[in-house]
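J.: In the UniProt record's numbering, the protein residues as written are 1 to 693.
Below you will find the structure I want to go over with you.
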Amino acid sequence: MTKTPIMLRSLALPFTVMEWTLPTAPRPPSKKSSFSSKSPTTSTPNASINDSKITSTDGSGDDLSESFAFALVNGALGVFEVHGRRVRDFRPKWPSSSFASSDGLVTAMAYRLPHVVMGDRLGNICWWDVTTGLSSSFNAHREGIRRIKFSPVVPGDRSRGRIAVLFYDNTFSILDLDTSDPLANTLLQPQSPGTLVLELDWLPLRDRKDQPLVLCIAGADSSFRLIEVSVNDVKATSNSNDAFSKEIFRPMPLCLPVLLPMPHTLALRMIIQSGVRPSWFRLFSSYMDVPRGNIPETEPTSTGDLRSYMIESTHTVGDSVVPELLLKVLEPYRREAYVLDDERVQSYASLANKGFAARSAFAAAIFGEFSEALFWLQLPHALSHAVGKAAKKSSQETSKSASLSEIESIAMLNRITSKGKSTSGKRGNDAPICGQLNLMAFKQQQLWADANERIPWHEKLYGEEATQKHVHELISIGDLEGAVALLLSTPPEGSNFYPNALRAVALSSSVSRSLHELAVKVIAANMVRTDKSLTGTHLLCAVGRYQEACSQLQDSGCWIDAATLAATHLHGSDYARVLLRWADYVLHNEHNIWRALILYVAAGGLREAFAALRDAQLPDTAAMFLVACHEIYAQISSESPHSDEPSDAVVDSSNIKFILNMEDGDVSAVSEFYGEYQRKLVHLCMDSVPLFY
């Protein structure tokens, strides 16, 4: 294969289908190619050329040639040969009469030298021998043909006309074109009645002619199936040797719980979450080598109490009788070893006694819900963090005496927005002004008076130069607060925004800490307007405004950065507020309920997590969440020597009492809803027939 593709030839034709020839299996020298009894036994020049092409695969690479067949919109057919870098007409022997229907657009094609099989949208199937010109056609009495696949051939295999046909109505048939009446020898598949097939292909693992064919089909129900077809020399049959096929293709049962009927899948998920003993899976381990169907129907627990196989727990929810009924429903799968394989049973045995959260994570993982599995694995850590981590006093409380109160901040913001008014108190005509004597003024009072007279004139002028002169006058008379207010009024789109912001921060630091913090806060807010949120948060962090910095980062969509900053500098309720807002965003915007639940729990928002599960209509998950929280909190309380002492934790006592109080309205509603869900699931399981693959 070359690194740079080379275009050999471009054909601007209205193709409908095109297929490369399939590799032909080597045959014994004494045998000749035969497709059907209708093919002539006399060799032709074209046939000898074709045989040389087929057997040339054992020779040097220079003699190899490939060919492909195609069909056009008007029904015309063609075969081209690719030899090296040359593309030329294959010069096939055309049929004596055209069998292409004027209304039947060719929609599927299969090609194995020397035979081309085509199907059109009217259900017609046609085959053509490109070396002899023999052809035939018949109607399958189905909808249009979507796909045609030749079965694999092996040395000594006299039949080369078996094909799998997929129709547009999502049904399929296996035909043997070597027979005089292919439709009469259609191979039906009783293993999959009523299955709607989306795609099919043969499994190329056959190396002897006495081995069965294996067809792979992908169903519309998201299933993947392997169908074995044994064909003898007389006729095709769908009866397969189970022991022989198992030895090659099925060394162990196909344990895929996700392929079970939906009620049975939910039943298995529920008993794993509730806690079934590992011995329930291993009951028939001694029969694993016995062919299916020969396992005794009687077992030690068939007449006993199946509830003994459930792990006892002090924290339960729902109807206690339901697990026994579900175990009876799943008995056929367990008897046939269709539930879990040995490796998964061992994994389950290692965590079966580690609580509801661990079992729920295992149940989610085996059904492909990996996000949910991560949630259950993180739940104990998140709840332990929320309950047990003592919160330190917030940084705002330590600097309360030096910081502005909320009312003072609002007042100063209002004063800053009305620029220039902060200096009105110092603008008085305290000294007399007498003409040009002002030019010789040297006393402080006179100089201040002159400056106060110039300042109103600068206020009436606009532009950067007038603003700079105004700031200079304010600094000259010592009105640093007024200068800071004027500098902060610079719009963020202006060219002098950053120099003015730098001067405002420097000047405010020499006035008071409260003014310094307020100046930084205003500058950071302006930076957000110009998509400079990171720079603004840096300024807020410099003055200890971590809560506001996190809010700005979240407003800008930097949720992980905000959480990281909060985890470093915030504690207690301040840290919880950041996580709660992040959880709301993940739930309502990203629609990732499992990640949101972990954030809710870590922030102490157990009520919010409970409400999210209720709104998502997940009764089983809500019930398991309730029981897992009971179990985890009981373990935390037993390990903590001072669990009864009040502490400034992330979760307050009201949230803890809420999740532990089974008499609470929301908690009892979840328990009742879960019981109703259990009873309905039992009825659905009873109405569903066990399905084996």
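Where a beta carbon is used, it is the ideal one built from N, C-alpha and C, also for glycine.
Starting from A71, follow its DSSP beta bridges and name the residues at the other end.
T.: If you number the sequence shown from 1, residue 71 lands on position 71. A71 pairs with V17, L77.
J.: If we ignore side chains and look at the alpha-carbon of each, how far apart do Q552 and T621 end up?
T.: Counting from one through the sequence shown, the residue named residue 552 turns up at place 552. Counting from one through the sequence shown, the residue named residue 621 turns up at place 621. Whole-angstrom Cα-Cα distance: 35 Å.
J.: What are the start and end residues of the alpha helix (DSSP H) that includes A576?
T.: Walking along the sequence shown from the start, residue 576 turns up at place 576. Counting along the chain, the alpha helix (DSSP H) containing A576 begins and ends at 572–585.
J.: Where does N139 sit, in a helix, a strand or coil, going by DSSP?
T.: The count along the sequence shown starts at 1 and reaches residue 139 at position 139. In the structure shown, N139 sits in a strand (DSSP, three-state: E or B).
J.: Tell me whether G156 sits in a helix, a strand or coil according to DSSP, three-state version.
T.: Start at 1 with the first residue of the sequence shown, and residue 156 comes out as number 156. Coil at G156, not helix or strand.
J.: Answer with buried or exposed for D178, where buried requires no fewer than 16 other C-beta atoms within 10 angstroms of its C-beta.
T.: The residue you call residue 178 lines up with position 178 of the sequence shown. D178 should be labelled buried.
J.: Name the residue from R112, A108, D555 whose alpha carbon lies nearest to the alpha carbon of G119.
T.: The residue you call residue 119 lines up with position 119 of the sequence shown. The residue with the shortest Cα to Cα distance from G119 is A108.
J.: Tell me where the beta strand (DSSP E) around V197 begins and ends.
T.: Within the sequence shown, the letter at position 197 stands for residue 197. It spans 197–202 - the beta strand (DSSP E) in which V197 sits, taken as one unbroken run.
J.: How far does the beta strand (DSSP E) with S313 in it reach, from first residue to last?
T.: Your numbering for residue 313 matches position 313 in the sequence shown. Where S313 is concerned, there is no enclosing beta strand (DSSP E), given that its DSSP letter is neither H nor E.
J.: Since A110 sits in a beta bridge, which residues does DSSP pair it with?
T.: Position 110 of the sequence shown, counted from the first residue, corresponds to residue 110. Note: A110 sits in a beta bridge opposite V117.
J.: Please report the distance separating the alpha-carbon of R595 from that of D574.
T.: As a first step, residue 595 must be located in the sequence shown, where it is residue number 595. As a first step, residue 574 must be located in the sequence shown, where it is residue number 574. Approximately 20 Å between the Cα atoms of the pair.
J.: Exposed or buried, which one is residue 695 when buried takes at least 16 other CB atoms within 10 Å?
T.: Nothing about residue 695 can be read from this structure; the chain reaches only from 1 to 693.
J.: Could you give the C-beta distance for F356 and V627, rounded to a whole number, given that I count them as a contact under 8 Å?
T.: As a first step, residue 356 is located in the sequence shown; it is residue number 356 there, counting from the start. As a first step, residue 627 is located in the sequence shown; it is residue number 627 there, counting from the start. Their Cβ separation, rounded to whole angstroms, is 5 Å, which keeps F356 and V627 in contact under 8 Å.
J.: Do you know how far the Cα of D129 is from the Cα of L67?
T.: As a working mapping, residue 67 is identified with position 67 in the sequence shown. As a working mapping, residue 129 is identified with position 129 in the sequence shown. One detail in the question is off: residue 67 reads as Ser in this sequence, not Leu. Using only the alpha carbons, I get a separation of about 14 Å.
J.: From H569 to L580, what does the alpha carbon distance come to, in whole angstroms?
T.: The count along the sequence shown starts at 1 and reaches residue 569 at position 569. The count along the sequence shown starts at 1 and reaches residue 580 at position 580. Taking the straight line joining both Cα atoms gives about 17 Å.
J.: Going straight from the alpha carbon of S688 to that of L266, what length do you get?
T.: Position 688 of the sequence shown holds residue 688. Position 266 of the sequence shown holds residue 266. Cα-Cα distance, rounded: 12 Å.
J.: For a test of the three-state rule: what should DSSP assign to K521, helix, strand or coil?
T.: Your numbering for residue 521 matches position 521 in the sequence shown. Helix at K521.
J.: Three-state secondary structure (DSSP) at L327?
T.: Position 327 of the sequence shown, counted from the first residue, corresponds to residue 327. In this structure, L327 counts as helix in the three-state DSSP scheme.
J.: Could you tell me how far apart the beta carbons of A634 and H385 are, in whole angstroms, since I believe they sit closer than 8 Å?
T.: For the purposes of this step, residue 634 is taken as the residue at position 634 of the sequence shown. For the purposes of this step, residue 385 is taken as the residue at position 385 of the sequence shown. A634 to H385, Cβ: 17 Å. No contact.
J.: What is the residue span of the beta strand (DSSP E) that I217 lies within?
T.: As a position in the sequence shown, residue 217 is number 217, starting the count at 1. First-last of the beta strand (DSSP E) with I217: 213–219.
J.: Roughly how many angstroms lie between the CA atoms of R91 and P212, to the nearest whole one?
T.: Within the sequence shown, the letter at position 91 stands for residue 91. Within the sequence shown, the letter at position 212 stands for residue 212. Between R91 and P212, the C-alpha separation is close to 36 Å.
J.: Taking a contact to mean a Cβ-Cβ separation below 9 Å, would you say D201 touches K149 in this structure?
T.: As a working note, residue 201 is residue 201 in the sequence shown. As a working note, residue 149 is residue 149 in the sequence shown. A contact, by the Cβ cut-off of 9 Å.
J.: Taking only heavy atoms of the ligand GDP into account, decide whether any of them is closer than 8 Å to the Cβ of L515.
T.: Although the ligand GDP was asked about, the structure shown includes no ligands whatsoever.
J.: Take L515 as the anchor and find which of N526, L340, A485 has the nearest alpha-carbon.
T.: Here residue 515 refers to the residue found at position 515 of the sequence shown. The shortest Cα separation from L515 among N526, L340, A485 belongs to A485.
J.: Rounding to the nearest angstrom, what Cα-Cα distance links P257 and P114 in this structure?
T.: The residue labelled residue 257 in the question sits at position 257 within the sequence shown. The residue labelled residue 114 in the question sits at position 114 within the sequence shown. Taking the straight line joining both Cα atoms gives about 45 Å.
J.: Where do the N-terminal and C-terminal ends of the alpha helix (DSSP H) with I6 fall, by residue?
T.: Walking along the sequence shown from the start, residue 6 turns up at place 6. That residue, I6, is in no alpha helix (DSSP H); it is neither H nor E in DSSP.
J.: Given a cut-off of 9 Å on the beta-carbon distance, is the pair P278 and Y348 in contact?
T.: Taking the first residue of the sequence shown as position 1, residue 278 is located at position 278. Taking the first residue of the sequence shown as position 1, residue 348 is located at position 348. For P278 and Y348, yes; Cβs fall inside 9 Å.
J.: Going by the CB atoms, is the gap between V73 and H112 shorter than 9 Å?
T.: Here residue 112 refers to the residue found at position 112 of the sequence shown. Here residue 73 refers to the residue found at position 73 of the sequence shown. In the sequence as displayed, the identity of residue 112 is Arg instead of His. Their beta carbons are not under 9 Å apart, which means R112 does not touch V73 by this criterion.
J.: Quick check on S551: does DSSP put it in helix, strand or coil?
T.: Within the sequence shown, numbered from 1, the residue matching residue 551 stands at position 551. Helix at S551.
J.: My output table needs one value for S360: the three-state DSSP class, helix, strand or coil.
T.: For this step, residue 360 is matched to residue 360 along the sequence shown. Note: S360 maps to helix in three-state DSSP.
J.: Cα-Cα, which of I636, I560, H141, L8 is closest to R86?
T.: In the sequence shown, residue 86 corresponds to position 86, counting from 1. With distances taken between Cα atoms, R86 lies closest to L8.
J.: So, at 6 Å on beta carbons, what are the nonlocal neighbours of P380 in its own chain, with the 5 sequence-adjacent residues on each side left out?
T.: Counting from 1 along the sequence shown, the entry for residue 380 is found at position 380. A357, I632.
J.: Answer yes or no: do V197 and L175 have a C-beta to C-beta separation smaller than 9 Å?
T.: Position 197 of the sequence shown, counted from the first residue, corresponds to residue 197. Position 175 of the sequence shown, counted from the first residue, corresponds to residue 175. Not in contact: V197 and L175 (Cβ atoms no closer than 9 Å).
J.: Going by the CB atoms, is the gap between V276 and Y674 shorter than 9 Å?
T.: Here residue 674 is taken as the residue at index 674 of the sequence shown, counted from 1. Here residue 276 is taken as the residue at index 276 of the sequence shown, counted from 1. No, these two residues do not count as a Cβ contact at 9 Å.
J.: May I have the straight-line CA-CA distance separating F224 from N526, to the nearest angstrom?
T.: Within the sequence shown, residue 224 is the residue found at index 224, counting from 1. Within the sequence shown, residue 526 is the residue found at index 526, counting from 1. About 58 Å.
J.: So A373 and A364 are in contact, right, with Cβ under 8 Å, and what is the actual spacing, rounded?
T.: The sequence position of residue 373 within the sequence shown is 373, counting from 1. The sequence position of residue 364 within the sequence shown is 364, counting from 1. Right, their Cβ atoms sit about 4 Å apart.
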